[in-house]
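Below: one structure, written as structure tokens.
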Amino acid sequence: MRDMKNTKRIALTLFLVGVFCGTLTLAQTAKPKTVDWKVRAEAASAEKLASLIRYYKPTDDQKIKLKEALIAQYKDLINQDKIAAEKIKALDAEIAEVNVKVAALDKEIAAIEKKKAPLAQEIASIEKRKSVYARARSELLLDHKAEIDDVFTREQKIARLSEYIRQRAINYQCWLVLPKTTRDSVIEQCDEAALELLEAGKSEDSTAFREAYSKIADANKDVMTPEIRRAGEVKYYMDATMRKFTTLKLTEAQKAAVRDLCEKVVKRKADIYAQYQEVSAKYKQISKDRSALRSAVSRMSSSSSSSGYYKIRADVINTILTDAQLKQSGYRRKSSKSRKKL
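Quick note on numbering: this note's numbering labels position 36 of the sequence shown as 36, and the sequence is numbered without any gaps.
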């Protein structure tokens with residue numbers, strides 16, 4: 001029995017010794033990796049730690065905390081690099097897949113472009129045939145226009161062109177109140193201008209037409225007095241108002257009241273326009289004076305103080321100092337022409 005107990009004790013002791021040795025071996029094999037990692041971290045952060053110590057001069061406790069923080073930072077950066085490398089590798093694979101699809105699409109686009117080339121040529125050929133028909137249509141329009149023009153007599157053409165010139169040369173409202181003799185004179189001038197344009201073949205020439213009605217407008221500008229213009233406006237307003245109430249039988253007193261209202265409106269417009277012209281003239285003069293004053297202020301501003309000083313000095317020499325003082329100082333007066341420039 002004793003031998004059995006001794007044997008069990010020996011076996012138990014050997015088992016415990018084996019477990020202890022195994023644990024010690026594992027600890028010894030794992031420890032170097034931890035030590036190696038910390039050594040690398042300390043080496044990598046040594047320069048940064050030395051820089052912080054040099055600039056901030058920390059205490060011993062602060063140095064320990066700085067070292068721990070830098071080692072933790074190194075560890076986080078290493079872990080981040082490992083994670084980022086895997087993510088970047090995965091994303092590169094996705095990009096490669098998309099590039100394959102893009103290449104396939106490029107091939108399809110090239111095939112489509114190749115098919116489009118003959119179609120573009122076909123469209124160009126059709127457009128060419130279409131232009132022939134379009135040109136023929138424009139020529140037909142010209143031919144028919146000539147036929148339509150031939151329907152009217154020479155007198156009808158002159159009358160229509162004369163009326164067109166008169167409408168551009170004379171204000172419509174003024175035309176309503178012009179004396180008959182003046183209207184007849186204007187019509188005669190317009191008839192002559194229309195005849196000249198027609199005989200010269202320039203009835204549709206916009207430049208020649210503009211010159212014709214401008215000439216007539218200038219010839220009759222003295223007739224368009226302010227009184228004529230106001231009378232024309234009154235008649236225009238009167239006619240327009242009466243057309244609005246054409247179904248009503250207004251009495252003569254009511255018509256006179258309407259005319260009074262029209263005259264008041266026209267007078268008010270004339271007064272406002274006169275005030276506007278007056279204010280515009282004043283504003284123009286004020287703007288001119290303001291511009292001159294701005295230039296004067298600019299010349300006398302602090303930025304040009306040196307030029308102001310030289311002007312004062314020149315004036316002192318030219319107008320204040322006596323001949324004896326000039327001789328003593330060596331200064332000389334400038335000519336009147338030079339002074340005007342200053």
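Just so it is clear, CB atoms sit at the ideal spot from N, CA and C, and this is done for glycine as well.
Since we're looking at a predicted model, the values are computed, not measured.
CA-to-CA distance, residue j to residue i, given in whole angstroms
i: L195; j: R210; result: 15 Å
i: V234; j: R294; result: 46 Å
i: R166; j: D191; result: 9 Å
i: E127; j: A169; result: 46 Å
i: I272; j: K255; result: 26 Å
i: Q156; j: Y213; result: 19 Å
i: T23; j: N79; result: In this prediction, T23 has a pLDDT of 46, which is less than 50 and means its spatial position is unreliable; nothing more can be read from the coordinates.
i: K87; j: L77; result: 15 Å
i: K264; j: T241; result: 14 Å
i: K352; j: A120; result: Lying outside 1 to 342, the shown extent of the chain, residue 352 is not represented and no answer is given.
i: D92; j: A111; result: 29 Å
i: I83; j: Q73; result: 15 Å
i: S291; j: V279; result: 18 Å
i: V316; j: A296; result: 21 Å
i: K57; j: K67; result: 14 Å
i: D289; j: S298; result: 14 Å
i: L261; j: T247; result: 20 Å
i: R154; j: E199; result: 10 Å
i: E108; j: A90; result: 28 Å
i: R243; j: Y164; result: 25 Å
i: D106; j: S206; result: 56 Å
i: I312; j: T319; result: 10 Å
i: I123; j: A85; result: 55 Å
i: R114; j: A104; result: The displayed chain sequence assigns Lys, not Arg, to residue 114. Distance between the alpha carbons of K114 and A104: 16 Å.
Burial state of residue i (16 or more Cβ within 10 Å)
i: V186; result: buried
i: Q277; result: exposed
i: A343; result: There is no way to answer for residue 343, as the model of the chain reaches only from 1 to 342.
i: A27; result: Residue placement at A27 is flagged as unreliable, the pLDDT there being 44, under the threshold of 50; a coordinate-derived value is accordingly withheld.
i: S162; result: buried
i: L197; result: buried
i: G232; result: buried
i: Q275; result: exposed
i: I216; result: buried
i: Q173; result: buried
i: K33; result: At K33 the pLDDT is 45, less than 50, meaning the model places this residue with poor confidence; the figure from the coordinates comes in the next sentence. It counts as exposed.
Check whether residue i and residue j have beta carbons under 8 Å apart
i: K75; j: A41; result: yes
i: A208; j: K202; result: yes
i: L70; j: S45; result: yes
i: M238; j: V266; result: no
i: L321; j: Y310; result: no
i: A314; j: K327; result: no
i: A219; j: Q189; result: yes
i: K63; j: I53; result: yes
i: T182; j: V223; result: yes
Minimum Cβ-Cβ distance from residue i to chain C less than 8 Å
i: K235; result: Going by chain labels, chain C is absent from the structure shown, which holds only one protein chain.
*Should the segment 281-290 be called in touch with the segment 233-251, which here means at least 3 C-beta pairs below 8 Å?*
In this structure the segment 281-290 does not lie against the segment 233-251, because fewer than three pairs of beta carbons, one per stretch, are closer than 8 Å.
*Could you say if the segment 171-178 and the segment 222-239 meet the contact criterion of at least three C-beta pairs nearer than 8 Å?*
These segments touch.
*Ignoring anything shorter than 4 residues or poking outside the segment 57-120, list the alpha helix (DSSP H) runs there in chain order.*
If we require 4 residues or more, the segment 57-120 turns out to have no alpha helix (DSSP H) run fully inside it.
*Which runs of the alpha helix (DSSP H) fall wholly inside the segment 232-308 and span at least 4 residues, in chain order?*
You should have 252-299.
_At 4 residues or longer, what runs of the alpha helix (DSSP H) sit wholly inside the segment 148-178?_
154-169 and 172-177, all fully within the segment 148-178.
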